[in-house]
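Worksheet for the structure shown next.
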Amino acid sequence: MLLIKCPWCGERAETEFSYGGEAGIKRPLEPDKLTDEEWADYLFNRSNPKGAHHELWNHAGGCRRWFEAERDTVTYRIAVTREL
Amino acid sequence: MKKYSALSLVRNALGHNRHWQPAWRKPAPKQEYDVVVVGGGGHGLATAYYLAKEHGIRNVAVLEKGWVGGGNTGRNTTIVRSNYLWTEASLLYEKSMQLWEGLSQELNYNVMFSQRGVYNLGHNLQDMRDIERRVSANRLNGIDAEVVGPAEISKAIPLLDTSASARYPVLGASLQRRAGVARHDAVAWGFARAADALGVDIIEQCEVTGIRRNGGRVVGVETTRGNVVANKVAVVVAGHASVLAEMAGMRLPIESHPLQAFVSEPLKPALDTVVMSGAVHGYISQSDKGELVIGAGIDAYNGYGQRGSFQTIEHTMEAIVALFPSFSRVRMLRQWGGIVDVCPDACPIISKTPVDGLYFNCGWGTGGFKATPGSGWAFAHTIARDQPHELNAPFSLQRFVSGALIDEHGAAAVAH
Ligand SMILES: Cc1cc2nc3c(=O)[nH]c(=O)nc-3n(C[C@H](O)[C@H](O)[C@H](O)COP(=O)(O)OP(=O)(O)OC[C@H]3O[C@@H](n4cnc5c(N)ncnc54)[C@H](O)[C@@H]3O)c2cc1C
Ligand SMILES: [Zn+2]
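Sequence order for the protein chains is A and B.
Under our numbering, the letters of the first sequence match residues 17 to 100, in that order.
Under our numbering, the letters of the second sequence match residues -13 to 402, in that order.
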């Protein structure tokens, strides 16, 4: 089990958290101006890297706040977590 | 290829088993191939086999970074069924089922396909409505399916807790009698041997590190054993699909997750069918060696580590013990993980790509073992003709742009 450091509550067990997937995906401000390909890329495509991953977690069983983490998808080591 | 038969068994036994031929050659990569298949799992090997067998394309290499079948193929819990909900998915998995039914003869290799039936349990009213709907949809597509009630279930699976006091009462189940299990390693080895016999080069310990393009066309691959020129490149690397896509400047609608499985110490025969429960979230069968084979869901986070978290193990065991209280004292022998390539609609991608001559087969997630022969068959067609077969046309990358997704979460989620 991972030990995850919530930026507000400190280190807690992974079971207190829920995973939010890739971070930094911004909803396009003017969806009407996008092509279908661009919209599909926003909706479905993910970078899914093998290595450093920039991702979202929610401290669901604690303060219930969202935060960002840099986690390695091979070693699962979390380099840093920070407030959104 | 020397044919395997009862006679060859006897003859080799008399020779103290010292004269068996290796099942496939170990050639060095040639400089050039008509088709390079990246990934020596079941799907890649089946693709190469059907390219040679059905389309006469024999100048083919399968490049595998580790050993044949060492990915999800050799790590899965081997459930084979075709009772998906939507017509597109049902027909694709049913094509595979029909190939399974003749596969040992076709490959001259015993893949130990055992049609022992698969029960998908329903524990509440909504489960039962979904089961009725799926069974009806299956029948309309000519796929065997039936709804069975608690009395019949408890007769067929005496150790399952069907009592009214069960934490998750069993209200019924769908049953596909033609479904079952197969020996995963044998599927990889059987396809490897049969493809090799048709001239396919199977090259292990050869990792693809780059996809070479010229203009909008693929021209070959870079590997840890040198560059290889190829007219067409077919990528079938399951959990590593996004890594290979990046080499070709593409992005995929896929995320890789750890998926774990377990086997227990061997027991005397206790369970002669496959039992799955989406609601309690676990599934179980018993191998021919007597081990209980157990699995459940993915770990939530992205992971390429071939291992997951402890709470997933606990969750899986809770589900199994809730269904089969008498298994509570069985000890687990082994636990492992694979890397599954999860698609937003829980359906695969078997597709051409924006790069000419480059094809991708991925997104099978937690449930692609059952599709191994059908996937290879349809992918070979797509590569050979440079256009999909009607069975896999709905499974193109384009569906994420058009919006024509095939939502199989209900039939695919914990049910592998
Ligand atoms: C624990 C578990 C349980 C499962 N249970 C079931 C089940 O009960 N029923 C079912 O139908 N499905 C099940 N599945 C899913 C099933 O195993 C897969 O969908 C299927 O085996 C995928 O086959 P494949 O040949 O595409 O992938 P793999 O067998 O993973 O083959 C891909 C190969 O590509 C190779 N590769 C990767 N990158 C490179 C590279 N750069 N160069 C060269 N080679 C590369 C890998 O080493 C690997 O051998 C399960 C999966 C897991 C992990
Ligand atoms: Zn917190």
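Quick reminder that beta carbons are idealized off the backbone N, C-alpha and C, glycines included.
Computed from a predicted structure; not experimentally measured.
Taking a cut-off of 8 Å on C-beta distances, the region 294 to 309 of chain B does not touch the region 161 to 175 of chain B, as fewer than three cross pairs fall below it. Contact of Gln297/B with chain A by beta-carbon distance below 9 Å involves Met17, Ala29, Glu30, Thr31.
In the DSSP annotation of this structure, the continuous segment of the beta strand (DSSP E) that includes Val134/B starts and ends at 132 to 134. CA-CA distance, Thr358/B to Ala366/B, rounds to 12 Å.
Residue burial annotation: Asp285/B is buried, with at least 16 other C-beta atoms found within 10 angstroms of its C-beta.
By the Cβ neighbour-count rule, Thr259/B is buried, with 16 or more other Cβ atoms within 10 Å of its own. Residues of chain B with a Cβ closer than 9 Å to the Cβ of Asp52/A are, in chain order, Val387, Ser388, Gly389. One residue after another in chain order, those with a Cβ under 5 Å from a heavy atom of ligand 2 are Cys22/A, Trp24/A, Cys25/A, His75/A, Gly78/A, Cys79/A. Any Cβ of chain B closer than 9 Å to the Cβ of Asp48/A would place that residue at the interface, and such an atom is absent. Sixteen is the threshold: since fewer than 16 other Cβ atoms of the shown chains lie within 10 Å of the Cβ of Asn200/B, the residue is exposed. In the structure shown, Tyr79/B falls within a helical segment according to DSSP collapsed to helix, strand and coil.
Nearest to Arg98/A by alpha-carbon distance, out of Asn74/A, Trp55/A, Thr89/A, Val90/A, is Asn74/A. Leu377/B is the residue among Val223/B, Leu377/B, Phe177/B, Phe386/B whose C-alpha sits nearest the C-alpha of Glu74/B. Here Val316/B carries a coil assignment [DSSP, helix/strand/coil]. In the three-state reduction of the DSSP assignment, Glu208/B falls in the strand class. The beta carbon of Val229/B falls within 9 Å of a beta carbon belonging to chain A, placing the residue at that interface. Closest by C-alpha distance to Ala131/B, out of Ala137/B, Ala123/B, Glu138/B, is Ala123/B.
With respect to Gln297/B, Thr31/A sits close: the two C-beta atoms are nearer than 9 Å.
Beyond the five residues adjoining it in sequence on each side, Val316/B comes within less than 8 Å, by CB distance, of Ser250, Glu251, Leu253, Leu278 in the same chain, given in chain order. Looking at the DSSP output, Val24/B shares a beta bridge with Leu49/B, Val221/B. Contact between Ile270/B and Trp72/B does not hold, since their C-beta atoms are separated by about 26 Å, which reaches or exceeds 8 Å.
Per the C-alpha coordinates, the member of Gly176/B, Pro380/B, Leu77/B positioned closest to Leu126/B is Leu77/B. Rounded to the nearest whole angstrom, the C-alpha separation of Tyr35/A and Ala85/A is 10 Å. Burial is judged here by how many other beta carbons sit within 10 angstroms of a residue's own beta carbon; Asp187/B has at least 16 and is buried. Cβ-Cβ distances below 7 Å link Thr148/B to Pro136, Ile139, Ser140, Val156 in the same chain, with the five nearest sequence neighbours on each side left out; the list follows chain order. Contact between the region 39 to 48 of chain B and the region 175 to 185 of chain B is present, with at least three C-beta pairs closer than 8 Å.
Of all residues in the region 75 to 97 of chain A, only Arg87, Thr89, Val90, Thr91, Tyr92 place a beta-carbon less than 8 Å from a beta-carbon of chain B.
At least one CB atom of chain B sits nearer than 9 Å to the CB of Arg62/A. With contacts defined by Cβ atoms closer than 9 Å, Cys192/B and Pro8/B do not form a contacting pair. For the C-beta of Ile240/B, the chain A residues within less than 8 Å are, from N- to C-terminus, Arg62, Asn64. Look at the beta carbons and you see the region 22 to 34 of chain B touching the region 214 to 224 of chain B: at least three pairs across the two are nearer than 8 Å. Around the CB of Trp24/A, fewer than 16 other CB atoms lie within 10 Å, so the residue is classed as exposed.
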